[in-house]
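S.K.: Under this note's numbering, think of the first position of the sequence shown as 1, with each following residue one higher. Even glycine gets a Cβ: it sits at the ideal position worked out from N, Cα and C. Here the structure is a predicted model, which is why all the values come from computation and not from measurement.
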Amino acid sequence: MARREIKDDTRSRRTLIQIFILTLWCFCLAESADVGISAMFGAETSIEDNYKTIIQDGVRYINRNTSFLSEVHQLVFVDPSHNRPSNSVYVALQEDCEHVASSQVSALVLPRDQCTASDDIAGVISHATNPVFSIDQGNLGSGSQAFKMQPSPEDMTSFFIDILSYYNWRNFTLLYDDGGAFQNMEGIMEFATMNKWNISTVIIDEEFQNNIPMIEERGSRNIFIYCSSETLLRSTIDQAILLGTMGPEYTWMIGNMDMGIDRQFLEDLEDSNAFITRFNMNYTREQQYALPTARNTPTGEWMFRERCAFDSVIAVGHALRLYRLERTRAGATGSSVLPGDTPMPACPTTNPVVSENELTRYMKQISFEGITGNIAFDDEGNRVNYTITIRSGQGETIDQIRGDWTQNIDYWEDRWDRKWESDGRLNVTTYNYGNDRKIKVVAIRAKPFLFLREERALELNQLVNRRQSSTYTGNDRYEGYIMDLLARLKSHMRGLDFDYEVELVPDGRYGNKDVFSEEWNGMIGEIVRRKADIAAGPLTVTEEREEDVDFTYSFMSGGVKLLLQNPYFVQHYTFRLMYPFGIEVWFINLIVFLLVALLLFLFNYFDPYEWQAAAERGETFEENGKNFNMKNSFWFCTTTMFLQSYDNSPRSNAGRTLTAFWWVFILVMVFLYLFNLTYFINSNKRLVHVKDAGDLLNQDDVVFGTVDEGSIYWYLYKSSIPEYNRIWQRMYSAQPTAFVKNVTEGVQRVRDSNGFYAFLGEAGELDYIASKRPCNLIVSGGYIVRTTYALAVQTDSPLRDQLSYAIETLRDSGVLEDLQREWWEMDTGVTYRYRCQNLTSWERQGVFSFTVNDLQGVYYMLLLGFLITFVVFILEVIVFAACGGKSKKTNSGGGGASRKKPARSGGGGPVGGGQPIGGGGGASDGKEKMWI
């Protein structure tokens, strides 16, 4: 009985021990069933515990989905003992290794801000233990073994080079925030150096306004921004929008991947009207609708590193699922499926070989779609098999998809079961065909091709004296020939029902290539840099432009003409009829006139054969002795100047010799004057008849110019035709400068120059300007340069053939001709009576005939003669009255008895003979006689 009691007592103890051992074993099994994941947080990632919440959300998602772990296992988040950043790499390494050893976690998420002294602390830790997840960009060439949730710097270098080459960015400013971001751009810098790109670098200041002077100093309007901190990136963009640096004249490219954008931020970007390119990881978004997140914001508005942190947890779940499936196939069941070998190994003290757990091997086999796109890793932990979506646009089209870039073409084709339609990893085929998107059209303000509708409305309101206010949006903002042309092209496009958006070119230029940077500006630059699909306007087709863009069939013939002031309105110098002779010639001729008159007087006084001596000898009438006194000598010279004759001529041989040479002198001077007078009176009309470059160069009266560094400026400068180069040289050497800032300034300068300045511009635009009131402008009759206008599209764009077909159809049907007539000739509606086609014949004739303005000098001279005559008349009356009202006494009589009868050989007239007019023996009043 005692033995039995002892035996029962022993059995009870044994049972208790077995229960204890079983309980202990179950506890151990329970402990081994939990798989831990942890993270170390830094200054930025610990804000409001966002990242901790995100990781816990990922853990809950894994635990609720039994396909990852069995019911006896679960994933747990191990909260780190501290959330403060380390100030040295050694301290950070020590802290992370201690945390791994003490917490027995299976994976560790490490953001870069966990160590302020390192750009990639996850890459450092990965050489000691794994699996470590990096949620930042990492470093180029670091050799990191961490699982990089963001695309590797090497892949991003290749991606950026493809994108920059596609947009033809040869000159841009790089904004970055620290050395890590700059280091990741080194591959691009090397490529830029080899391809002669010009990249200016600016480190971002927290107060972005301090960066604006440096950006403007660089001169480039292309800005590439790339930051290690997405918080600073968002702050910089917000400030750039407020300060106007992110505006329509700038082109921005946001290098950070999948930047978090909420609705308000997207509206701010749209309102800035800047052309912005950004990048998103391609994903189908199916998973996002079932995410158990504790945050109130949708995952699309999270920062990209926050999404990377979430996907890191999901990646661990997929690796555990693969591990569990393999253990199950090996026969493991229940809690033995995960035997406890998943915790990360402790950091080695001497062994340089990286320590890995079983989970690390399965991490390299996973492939799934997370909220950051497809997630898969290669043997070095680099992310692979992902696709990046490129979004670019301006205004309403800011969220427009441009194309895709894939990291692995073969994987993409296998997944989507279709051909990758590109030779490289960048594919923009769908975008080029214009399907399911708005076609971006860039245009330039040039009446009547295109102008603001509000300007048109304001002009009409002023003309008809009525008030009207309206606000236009979208394409309704513009009016003109180009808008009508685009509307008709859309209706005639074959196989494409597209929508389009018209925007003005920011710099207001047609397009020229810089001599040094070889970068295009203007509308051509917008096409070359892929900011626009079509350039529409009076765009000239040139060989240089055809090297970088494609042109459609031409829609209009055009060229360069000369805008000048209508000669009818030109006020030239009043006495320009004196211009045939220089001022020194007029003075010399006056001296010659006085000298000849003086010599005739002296010959008459001293020569024995002259009239005075003959009269004294009684060989002629007494009054003939005064034929060449001083007064009559002047009158003789005056009459011969007008090819008329005085009633007497010199009698002596000396006098006749002098007279003969005086007549020769007068004939030469008079005919030279008359032959050249028309030239000077007509000087303001010569440019009206200019028909080519030679005619323009053959005149020096009028200075001509064009828009400084405009399309005509560069065309003439770069032309291989000598005459065009001479035109440019003439403009370049003019003082003051012949160049103007824009067409408006050029037109105003023509109006203010009184005919001494002419403007070279596009014929279509000039014809329209000249047709408007006050009708004081006119366009030359010929083309200085003949050109054709066409639409420009990107090189090899399928839009070229489609648009060319539509243009050809419109030309064959006469639509293009009707459009041109409508905008240049008919101009129906309220504005018709304000067009210069309604000028009278007399107003139009002023272009060619002599007008009062041309001949006013003659009228003024005649008026001056009237005044002088009146003054002489008054003086004569005064002198006559002062002399007692009596004339000089003379002998009177019928036959002149007191005089000797003159010899017949001594008669007057041009040859010394002739009979005096009158009866008897001649007049006795002492006056000269007219001889016949």
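(1) Can you have a look at residue 208 and say buried or exposed, based on whether 16 or more other CB atoms are within 10 angstroms of its CB?
(2) Can you give me the C-alpha to C-alpha distance between residue 401 and residue 138, rounded to a whole angstrom?
(3) Look at the Cβ atom of residue 93, then the Cβ atom of residue 124, and state whether they are nearer than 8 Å.
(4) When you compare each of 109, 180, 159, 141 to residue 149 by their alpha carbons, which one comes out closest?
(5) Of all the CB atoms in chain B, is at least one closer than 8 Å to the CB of residue 169?
(6) Comparing alpha-carbon positions, which option in 503, 307, 338 lies nearest residue 321?
(7) Between the C-alpha atoms of residue 156 and residue 366, what's the straight-line distance to the nearest angstrom?
(8) Could you pull out every residue in the same chain whose Cβ sits closer than 6 Å to the Cβ of residue 805, ignoring the five residues on either side in sequence?
(9) With a threshold of 7 Å on Cβ separation, who are the neighbours of residue 221 within its own chain once the five nearest residues in sequence on each side are excluded?
(10) Say whether the segment 789 to 807 touches the segment 540 to 550, bearing in mind that this needs 3 or more beta-carbon pairs closer than 8 Å, one atom from each stretch.
(11) Residue 513: buried (16+ other C-beta within 10 angstroms of its C-beta) or exposed?
(12) My parser needs the beta strand (DSSP E) runs of 3 or more residues fully inside the segment 194 to 222; what are they?
(13) Beta strand (DSSP E) containing residue 134: first to last residue?
(14) Closer than 6 Å by C-beta to residue 53: which residues in its own chain qualify, once you throw out the five before and the five after it? Chain order, please.
(15) Give the secondary structure of residue 704 by DSSP, where H, G and I count as helix, E and B as strand, and everything else as coil.
(16) Tell me, please, which residues DSSP counts as bridged to residue 78.
(17) Which one of 631, 561, 721 has the shortest CA to CA distance from residue 597?
(18) Excluding the 5 residues preceding and the 5 following residue 541 in the sequence, name in chain order all residues of the same chain whose CB lies nearer than 8 Å to its CB.
(19) Classify residue 509: buried if its beta carbon has 16 or more other beta carbons within 10 angstroms, exposed otherwise.
(20) Going straight from the alpha carbon of residue 107 to that of residue 78, what length do you get?
(21) For residue 883, name the three-state secondary structure that DSSP assigns.
(22) Would you identify the three-state DSSP class for residue 387, choosing helix, strand or coil?
(23) Please state if the CB of residue 511 and the CB of residue 763 are separated by a distance shorter than 8 Å.
(24) Nearest-angstrom Cα distance between residue 167 and residue 311?
(25) Considering only the beta carbon of each residue, do residue 696 and residue 721 sit closer than 8 Å?
(26) Compute the Euclidean distance between the alpha carbons of residue 671 and residue 535, then round it to the nearest angstrom.
(27) Under DSSP, the beta strand (DSSP E) around residue 556 begins and ends at which residues?
(28) Per DSSP, what kind of secondary structure is residue 182 in: helix, strand or coil?
(29) I'd like the span of the alpha helix (DSSP H) that includes residue 723, first residue to last.
(30) Classify residue 115 as helix, strand or coil using the three-state DSSP reduction.
(31) Are there 16 or more other CB atoms within 10 angstroms of the CB of residue 637, so buried, or fewer, so exposed?
(32) With a floor of 3 residues, list each beta strand (DSSP E) that falls wholly inside the segment 506 to 554, ordered by position along the chain.
(33) Would you mind giving the Cβ-Cβ distance between residue 55 and residue 43, rounded to the nearest angstrom? I have them listed as a contact below 8 Å.
(34) What span of residues does the alpha helix (DSSP H) with residue 437 cover, start to end?
(35) Tell me which same chain residues have a C-beta within less than 8 Å of the C-beta of residue 394, skipping the five on either side of it?
(36) Who are the Cβ neighbours of residue 258 in its own chain at under 6 Å, not counting the five residues just before and after it?
M.R.: With the given structure in hand:
(1) It is buried - the Cβ of residue 208 has at least 16 other Cβ atoms within 10 Å.
(2) Going from the Cα of residue 401 to the Cα of residue 138 covers about 27 Å.
(3) Yes.
(4) Cα-wise, what sits closest to residue 149 is 109.
(5) Reference to chain B is not applicable here, since this structure consists of a single protein chain.
(6) When only C-alpha atoms are compared, the closest one is 338.
(7) Going from the Cα of residue 156 to the Cα of residue 366 covers about 22 Å.
(8) Here residue 805 has 494 as same chain residues with Cβ atoms under 6 Å from its own Cβ, once five neighbours each way along the sequence are excluded.
(9) Result list for residue 221: 249, 250, 251, in chain order.
(10) Result yes; three or more Cβ-Cβ pairs closer than 8 Å.
(11) Counting Cβ neighbours within 10 Å, residue 513 comes out buried, since at least 16 surround it.
(12) Fully enclosed beta strand (DSSP E) runs of 3 or longer: 198 to 203.
(13) For residue 134, the enclosing beta strand (DSSP E) stretches over residues 132 to 134.
(14) Result list for residue 53: 294, in chain order.
(15) Of the three classes helix, strand and coil, the one that applies to residue 704 here is strand, per DSSP.
(16) Its beta-bridge partners are 38.
(17) Residue 597 has its Cα closest to that of 631, out of 631, 561, 721.
(18) If the five residues before and after residue 541 are omitted, its C-beta is found closer than 8 Å to the C-beta atoms of 551, 554, 787, 788, 789, 790, all from its own chain and listed in chain order.
(19) Label assigned to residue 509: buried.
(20) One C-alpha to the other measures close to 10 Å.
(21) Here residue 883 sits in coil by DSSP.
(22) Here residue 387 carries a strand assignment [DSSP, helix/strand/coil].
(23) No. Outside cutoff.
(24) Here the alpha carbons of residue 311 and residue 167 stand approximately 32 Å from one another.
(25) In this structure, residue 696 lies away from residue 721, with their beta-carbon atoms at least 8 Å apart.
(26) Rounded to the nearest angstrom, the two C-alpha atoms are 59 Å apart.
(27) Under the DSSP assignment, residue 556 falls in the beta strand (DSSP E) whose first and last residues are 556 to 565.
(28) Looking at residue 182 - three-state DSSP - the assignment turns out to be helix.
(29) Note, residue 723: alpha helix (DSSP H), 722 to 732.
(30) If DSSP states are grouped into helix, strand and coil, residue 115 belongs with the strands.
(31) Buried, by the Cβ-count rule.
(32) Secondary structure in the segment 506 to 554: the beta strand (DSSP E) runs of 3 residues or longer, each lying completely within the stretch, are 534 to 536, 549 to 551 in chain order.
(33) The beta-carbon distance between residue 55 and residue 43, rounded to whole angstroms, is 18 Å. This is too long to meet the 8 Å contact definition.
(34) Where residue 437 is concerned, there is no enclosing alpha helix (DSSP H), because DSSP gives it neither an H nor an E.
(35) The answer, listed in chain order, is 248, 273, 274, 275, 276, 440, 503, 531.
(36) Closer than 6 Å at Cβ, skipping near neighbours: 280, 281, 304.
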